[in-house]
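Undergrad: First the structure, which I've put down as structure tokens, then a few questions once you've had a look.
There are 2 protein chains.
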Amino acid sequence: MIQKPFIPVLRELARAYQNFESYSAPHIRSLGLTPSQFDIVATLGNTSGMSFKELGEKTLITKGTLTGVVDRLEAKNLARRVASQSDGRSQIVQLTRKGEALFERVFPAHLSHIERAFTGFSQAEMDDMEAMLGRLREALSAVGTK
Amino acid sequence: MIQKPFIPVLRELARAYQNFESYSAPHIRSLGLTPSQFDIVATLGNTSGMSFKELGEKTLITKGTLTGVVDRLEAKNLARRVASQSDGRSQIVQLTRKGEALFERVFPAHLSHIERAFTGFSQAEMDDMEAMLGRLREALSAVGTK
DNA sequence: TATTGTTATACTCTATAACTATA
DNA sequence: TATAGTTATAGAGTATAACAATA
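Sequence lines, in order, name chains G and Y. Residue numbering for the first sequence follows the numbering used here, starting at 1 and increasing by one per position. Residue numbering for the second sequence follows the numbering used here, starting at 1001 and increasing by one per position.
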């Protein structure tokens, strides 16, 4: 029985991502956030805010769940809801000043720790990886819609 | 401000994996399994079983959670616990015949659907991707321990 | 003493679907 | 009628830590 050649690709993809996650998650939790909450904070960082719909699309968190996640960020005073001016149904989610401060303090630290993983890679290799992963991402994205 | 070159690599990695997951998850749920449960079934497939410790290491599910996940697979009659003969503290988890049948029926179908994503890649490209992702996985794995 | 797996707690995420209000 | 977000429900995963049995 011949193993299909894409299977190792998927396995390595999953393991690489899981290694990334299992490094990230404890660091995120040490900040008092869950991975989902961090995802929202990172998505809202350096923006003027966005609607639930947009936030849901970027983070792949469904609307029912998103309400709860944003509730918890509001309870921690890291985010706020603002009514949209152009659409009465829509709420804009923004980081509060405290949320921005957290983002600015934490995000670079988060990245600089993980940067150490890339010391063995040249710029050209990283460019290659980016391009290849981009193709892979697109290919995997297309499957879902076909 | 210069963007660090590894950031796009991580972003593409996360998106590629999430695209894979968001295709997979609905298919898995349509089988009456959660992603964690499927992960266990896929890990136990084509093996004679393994201890909770080993299963936890392979799937990155912690022991407390694993007890519950295996409970649910047992309730569905897809897996069973067997006392280890060599270590009185250890339980071996195995697929039942029903679990094996599910694995054999479902796993190839799951893969063959996703195989369509790879029609645009040559064998050489897939080999490249595998090698590159392998390096990335190792690099990201090492970060967690340093 | 250390390890394997279980139990207990409290919280968070998840899918799903009904619901309100706006468009 | 359709869309944006909320609410409700039930189930499942999560971290954490205490625990029993065995090594």
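Beta carbons are placed, not taken as given, at the ideal position from N, Cα and C, and that holds for glycine.
Below 8 Å, can you find three or more Cβ-Cβ pairs linking the segment 1047-1055 of chain Y to the segment 1079-1093 of chain Y?
TA: In short, these stretches touch, since the Cβ pair count reaches three.
Undergrad: So asparagine 1019 (chain Y) packs on leucine 140 (chain G), CB below 8 Å; how close in whole Å?
TA: Yes, asparagine 1019 (chain Y) and leucine 140 (chain G) are in contact; Cβ-Cβ is about 4 Å, under 8 Å.
Undergrad: Quickly, what does DSSP pair isoleucine 1092 (chain Y) with across the bridge? List them, please.
TA: The partner list for isoleucine 1092 (chain Y) (beta bridge, DSSP) reads Y:Ser1051 and Y:Val1082.
Undergrad: Which of the three DSSP states is assigned to proline 1008 (chain Y) in this structure?
TA: It is helical.
Undergrad: Along the segment 1015-1049 of chain Y, where does the CB come closer than 8 Å to a CB of chain G? Name the residues.
TA: Taking 8 Å as the Cβ-Cβ cut-off against chain G, the residues of the segment 1015-1049 of chain Y that qualify are Arg1015, Ala1016, Tyr1017, Gln1018, Asn1019, Phe1020, Ser1022 and Tyr1023.
Undergrad: Tell me the rounded alpha-carbon separation between alanine 142 (chain G) and alanine 1117 (chain Y).
TA: The alpha-carbon atoms of alanine 142 (chain G) and alanine 1117 (chain Y) are separated by roughly 7 Å.
Undergrad: Under DSSP, the alpha helix (DSSP H) around alanine 1042 (chain Y) begins and ends at which residues?
TA: Counting along the chain, the alpha helix (DSSP H) containing alanine 1042 (chain Y) begins and ends at 1035-1044.
Undergrad: Can you find a CB in chain G that lies within less than 9 Å of the CB of alanine 1117 (chain Y)?
TA: So yes, alanine 1117 (chain Y) belongs to the interface.
Undergrad: Alpha carbon to alpha carbon, how far is alanine 1109 (chain Y) from glycine 68 (chain G)?
TA: Approximately 35 Å between the Cα atoms of the pair.
Undergrad: Which residues bound the alpha helix (DSSP H) around aspartate 1071 (chain Y)?
TA: Where aspartate 1071 (chain Y) is concerned, the enclosing alpha helix (DSSP H) stretches over 1063-1075.
Undergrad: Looking at C-alpha atoms only, which residue of G:Glu138, G:Val106 and G:Asp128 is the closest neighbour of phenylalanine 1006 (chain Y)?
TA: Minimum Cα distance to phenylalanine 1006 (chain Y) is reached at G:Asp128.
Undergrad: Taking just the CA atoms, how far does glutamate 1021 (chain Y) sit from arginine 135 (chain G)?
TA: Roughly 16 Å between the two C-alpha positions.
Undergrad: Could you check whether the Cβ of valine 143 (chain G) sits closer than 9 Å to any Cβ belonging to chain Y?
TA: Interface residue, yes.
Undergrad: Going by DSSP in three states, aspartate 1087 (chain Y) sits in which element: helix, strand or coil?
TA: Coil, per DSSP.
Undergrad: Following the continuous alpha helix (DSSP H) through phenylalanine 1118 (chain Y), name the residue where it begins and the one where it ends.
TA: Looking at the DSSP string, phenylalanine 1118 (chain Y) is not in any alpha helix (DSSP H), and its letter there is neither H nor E.
Undergrad: Where does glycine 99 (chain G) fall in DSSP's three states?
TA: The answer is helix: DSSP assigns glycine 99 (chain G) an H, G or I state.
Undergrad: Using a C-beta to C-beta distance shorter than 9 Å, which residues of chain G count as neighbours of valine 1093 (chain Y)?
TA: Simply none; closest approach about 20 Å.
Undergrad: Are the beta-carbon atoms of phenylalanine 107 (chain G) and leucine 44 (chain G) separated by less than 9 Å?
TA: Not closer than 9 Å, so no.
Undergrad: Alpha carbon to alpha carbon, what distance is there between serine 48 (chain G) and glutamine 85 (chain G)?
TA: Near 14 Å, if we compare the C-alpha coordinates of serine 48 (chain G) and glutamine 85 (chain G).
Undergrad: Tell me the rounded alpha-carbon separation between glutamate 1100 (chain Y) and alanine 1025 (chain Y).
TA: Rounded to whole angstroms, glutamate 1100 (chain Y) to alanine 1025 (chain Y) spans 20 Å at the Cα level.
Undergrad: Is glutamate 1125 (chain Y) near methionine 126 (chain G), with beta carbons less than 9 Å apart?
TA: Cβ atoms of glutamate 1125 (chain Y) and methionine 126 (chain G): not closer than 9 Å.
Undergrad: Taking all protein chains shown into account, do 16 or more other C-beta atoms lie within 10 angstroms of the C-beta of valine 82 (chain G), making it buried, or fewer, making it exposed?
TA: Label assigned to valine 82 (chain G): exposed.
Undergrad: Can you give me the Cβ contacts of isoleucine 28 (chain G) inside the same chain, cut-off strictly under 6 Å, excluding the 5 residues immediately before and after it?
TA: Cβ within range, chain order: Pro35 and Phe38.
Undergrad: Name the chain G residues that come within less than 7 Å of phenylalanine 1006 (chain Y), Cβ to Cβ?
TA: The answer, in chain order, is Glu115, Phe118 and Met126.
Undergrad: Less than 9 Å between CB atoms is the rule here; does glutamine 1085 (chain Y) satisfy it with respect to chain G?
TA: False, the Cβ-Cβ gap to chain G never drops below 9 Å.
Undergrad: Could you tell me the distance, in whole angstroms, from the CA atom of alanine 1016 (chain Y) to the CA atom of leucine 13 (chain G)?
TA: Roughly 8 Å between the two C-alpha positions.
Undergrad: If you draw a straight line from the C-alpha of glutamine 3 (chain G) to the C-alpha of threonine 119 (chain G), how long is it?
TA: So the two alpha carbons sit approximately 33 Å from each other.
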